[in-house]
């Protein structure tokens, strides 16, 4: 259906009603354009009229103008409308736009109706304003639906508060975007209704069984309004937690609710990454009171922050800090009556006049006021909402007047209609009829009739009939340059048709090749000068059908009157090609060697009738080739060969070398390319003196290709310098030229530098200039140094040094260095000189630290100190101790030879004298600064009683096994040096058995290999003159116990054997902790353990196999382990079945003992560095042999890089991640009591790292030396 609504403008400027038919025939609703002007007070203050939604965001700026939002309102229908149906009106509010290029769209209705509401209350969206109006006006569409709809059907958006903070009305129906939900709420708040002034509570519960902390709960109204900051006397939030049920309860209480509290609410619960929410509605029902009892001015004034209502749910007053205005003392007036009798465009003016700021709430309240419909006084029956008629048909518009005497006028789109043959007016009683004859598209318009002051309107739709094809297009076949005319006949004159070619509309502009004309019902498409591109399928399209036909345009046959001729042209002479063909108006293209020729300043292409010419003003070598002329549209072509000849020439000017001299550095590759010209290509010869340079030369060769010749010297030498001659020859002549080549070189390396002076971190070096400077003056020198053991040289200067001396600095002390020199000239850098002799920077150490007096006697003074903080790379050779008498300056050296200890005793001193002591540290660089005692020392001894400090582990019995070493250190104190004596069990200790060494502060007792006889109590005595201190140390040496004395079979019954034995005679000097009992079948004599850690001396062995004969043996055990031997029962125990006895025959056991013999030898193996390698062999021997692995005849013991296995005679050696130094000769040796055997193999490790790489990776030097020595041994054996 047509979308736009047509309007008529009346002479008084009031908008005329308009009607647009709906698809179901329902009359659409009229809209009224309302222009709202701000009150004089607002204009005086420079404010713009701004309509808000009752709440604003707290951060909104007061000066920022807000766009006008859509507001619902209600207005009674016009008095002249005789229908009882209420007419919703759309009010447009105009305001100044902020931006000149911003267009505001009309807002839709604020409160959408439920689906089952009466169609009379349906809303029509306001049309979009035209672009030229967008720069000056904004339009606000306000719906005034039927106020008879009850309040519950108005929806939650009827209240201002339901819009939320900063939420536009059109956003209310949009879904709220929330993050993904998870189930947290076990009880959600439900929608409810309540009267105005009542109280209500909403409850939400969350189960905390799986939550570690309290979840976060937020209450919202609308989309964004957070109610947490809006609590007050009307809104309270409460939280409780039940520890028994583990449930959080969140409550929202609304107290003394107001009408604008109605709307949609939302409760959101979040816990870490979980989220849940629930929406619910609150409906506040209004009390049944008339509108006359409402103080409209106080009801629609917004609350300010200083008034009593501050803190309620209407928070717009909190956003702007305004002083409360004084109450107006104007007399009371009934604003409702004023608004009811006013036009909609006066609502805003009246609201500002009486101080009503909540215009939206005012319009919403007016929406609920019942309307009083006025019965039409002029019309008994109005026009239908819409009429429809076919094009060319006739339509009758009929109205029935209540007063036949009233004047009647008809209008079309606001223009009055006068009687004419097209418009005929008829009168039949009270009916007034307008007949429209021969309806056309121009009659599709909005019509209205005015009877006095009343009007009624309708809309007429004219339906066009389809245009049919009467005679179709016929196919055409012709040749180029002919005229084509396509003809088609349709069913109606003046019909609109469209010509198409291959589905694309044919262009019919002024410069188009196609012409379109029509004569009555016939339509023509004309092509005056046809071409092959005109071939295709042409069609004509009308509203009632299409017709198509194929057009074929062919070429005329080609005739050649004069063909192209082959030519030879001298370089620079003009070139002209000529041919004649028929038909003469056929264009063509010229090609050279298959490339299209385009005309330019040098090339001219001429086409005159049958003649085609190609002219080149001055020919060049590029003009040689095969020329072809191809007539357009034909497969035939004309061709000729053109050859350009030119004498040879050598172009040395392009080299840009002064005097044609080329300078090259020796050792580099020289490739000299010289352009040449000549047609045909000349023969080129290179010569040096009388020697001809051939193309097949090894180092020096000449090459010619295309338009240039080249001389190539792969590695230039000084002997290559000289004059080179070039000779060119062809049939047109000969040319010669010469080139000079000069070969220069880098200077020779200087001789090895000298290092005469060496400091702590610096040295001084000198050198001589190189003997040969390479033919270029010396520019300077580069110096490099490296550590002697390193191969990495480091550049010391980046700017050239002009002199022949230099002082390297920032070297590491004690590290040997070498230096070398590079000479530099204009050509480059020479090879390095030979390294200098290695030198080592050294520096003296710092002074010793913490020098103190340790002991003083009548003629000696003992001092001690700590090493210097900075020793340096030269190391520390020792210390020099000096002293002098207090008051003197003659220092006497106490130690003639250096002492490496940090403690020294000065002897030969005079008792009672005072001396000063100082110490120097000595190394290869010399003595360090001295460290001197702060105070003089009095030479006099002090007695200190002795005191033995027994270590904690020696206060208890000290236990060691036989064969282990015993090394005990017992410190003591006392001055002068105490006398120490040791006693064992009250007797002196023999020095041959126990070694004792005493020092000034401790005594050491040492037993290299402990025996059981060393057990006992040792008494230590320390004595200083008459003062004595003693200590006792208990030493216990333990050994493996002996076997039990006698093991007998006490009894045998069933599958049980009773054994009895006596404890061993020798318990190993330690208590017996248990016994281990084993059994063996007489047939195999393989021993199996029955029980371990058994503490008694009798036992019963059970679960023995019937028919077997068993021997038993028992080991004794103490803290050192099992006894070396076991006691075996002399007799065996035969387990027989009851009632039967088997006679056994005695026989000699076979001797299975055998010396070791390798059944599978070792095999030479290659291993990859970094990957584990294994060596395997098998040996047979009885008893079981001892297996020893050796590398290069050295036994492998306790090396974590090797793992050795032996299982069932198979011996395996695993080498973990071998490196090159793991290669060598490996040996496996097996030994038992009957003999020994061994096998060898060679292991070679491939890959890995070199010696230098091992040094870089930090491999210890002793491992690398070990590998090198083993490798040398293997090579010597080979």
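Numbering (the numbering used here), first residue to last: 494 to 1771.
Glycine is no exception: its CB is placed at the ideal position from the N, C-alpha and C atoms.
Where the alpha helix (DSSP H) containing residue i begins and where it ends
i	result
residue 833	828-834
residue 842	840-846
Residue i, enclosing beta strand (DSSP E) - first and last residue
i	result
residue 1418	No beta strand (DSSP E) contains residue 1418, which DSSP labels as neither H nor E.
residue 1131	1131-1143
residue 1376	1371-1378
residue 989	Residue 989 -> no beta strand (DSSP E), and no H or E assigned at all.
residue 1465	1459-1468
residue 1115	That residue, residue 1115, is in no beta strand (DSSP E); it is neither H nor E in DSSP.
residue 1127	That residue, residue 1127, is in no beta strand (DSSP E); it is neither H nor E in DSSP.
residue 932	Unbroken run through residue 932: none, as it is neither H nor E.
residue 678	678-680
residue 1350	It is not in any beta strand (DSSP E) - residue 1350 carries neither H nor E in the DSSP assignment.
residue 1269	That residue, residue 1269, is in no beta strand (DSSP E); it is neither H nor E in DSSP.
Of the listed residues the options, nearest to residue i (C-alpha basis)
i	options	result
residue 1436	1264, 1368 and 1348	1348
residue 1324	1297, 1390 and 1238	1238
residue 1711	1669, 1660, 1733 and 1703	1660
residue 767	708, 778 and 713	708
residue 939	946, 911, 725 and 907	907
residue 1535	1317, 698, 1727 and 1564	1564
residue 1680	1662, 1543, 1715 and 1726	1726
residue 1493	1500, 1470 and 1484	1470
residue 1352	1321, 1432 and 1418	1432
residue 971	1027, 876 and 1650	1027
Distance between residue j and residue i (C-alpha atoms, nearest Å)
i	j	result
residue 1664	residue 1694	12 Å
residue 1120	residue 1056	12 Å
residue 1646	residue 1676	6 Å
residue 1641	residue 1577	13 Å
residue 1185	residue 1219	10 Å
residue 1202	residue 1187	13 Å
residue 1697	residue 1668	10 Å
residue 533	residue 858	The pLDDT assigned to residue 533 is 37, lower than 50, so where the model puts this residue is not dependable; a value taken from the coordinates is nonetheless given after this. If I take the Cα positions, the gap works out to 25 Å.
residue 692	residue 850	28 Å
residue 1311	residue 1296	20 Å
residue 1753	residue 1759	10 Å
Pair within 8 Å by beta-carbon distance, residue i and residue j
i	j	result
residue 1326	residue 1196	no
residue 1274	residue 1247	no
residue 1612	residue 1531	yes
residue 1562	residue 1529	yes
residue 1118	residue 1048	no
residue 1240	residue 1319	no
residue 1124	residue 1051	yes
residue 1379	residue 1411	no
residue 943	residue 904	yes
residue 1657	residue 1734	yes
residue 1497	residue 1451	no
residue 1542	residue 1622	yes
residue 1620	residue 1540	yes
Test: residue i CB closer than 8 Å to a CB of chain B
i	result
residue 949	Within the model displayed, chain B is absent; a lone protein chain is all it includes.
Item to complete: Determine contact between the stretch 1153-1162 and the stretch 1127-1141, defined as no fewer than three beta-carbon pairs at a distance below 8 Å.
Response: no
Discussion item. So, does the stretch 953-965 touch the stretch 978-986, judging by three or more C-beta pairs under 8 Å?
Written reply: Yes, they touch.
Practice prompt. Count the CB pairs spanning the stretch 1503-1510 and the stretch 1419-1437 that are closer than 8 Å, and state whether there are at least three.
Written response: no
Practice prompt. Flag this pair as touching only if the stretch 919-933 and the stretch 882-893 have three or more C-beta atom pairs under 8 Å; answer yes or no.
Written response: A contact between stretches requires three or more CB pairs, one per stretch, nearer than 8 Å, and the stretch 919-933 meets this requirement with the stretch 882-893.
Practice prompt. Take every Cβ of the stretch 1393-1405, pair it with every Cβ of the stretch 1356-1364, and state whether three or more of those distances are shorter than 8 Å.
Written response: yes
Practice prompt. Could you tell me whether the stretch 1297-1315 touches the stretch 1206-1225, using the rule of 3 or more Cβ pairs below 8 Å?
Written response: no
Worksheet item: With contact counted as at least three CB pairs below 8 Å, one residue from each stretch, are the stretch 1511-1520 and the stretch 1586-1595 in contact?
Response: Three or more Cβ pairs closer than 8 Å define a contact, and the stretch 1511-1520 falls short of that threshold against the stretch 1586-1595.
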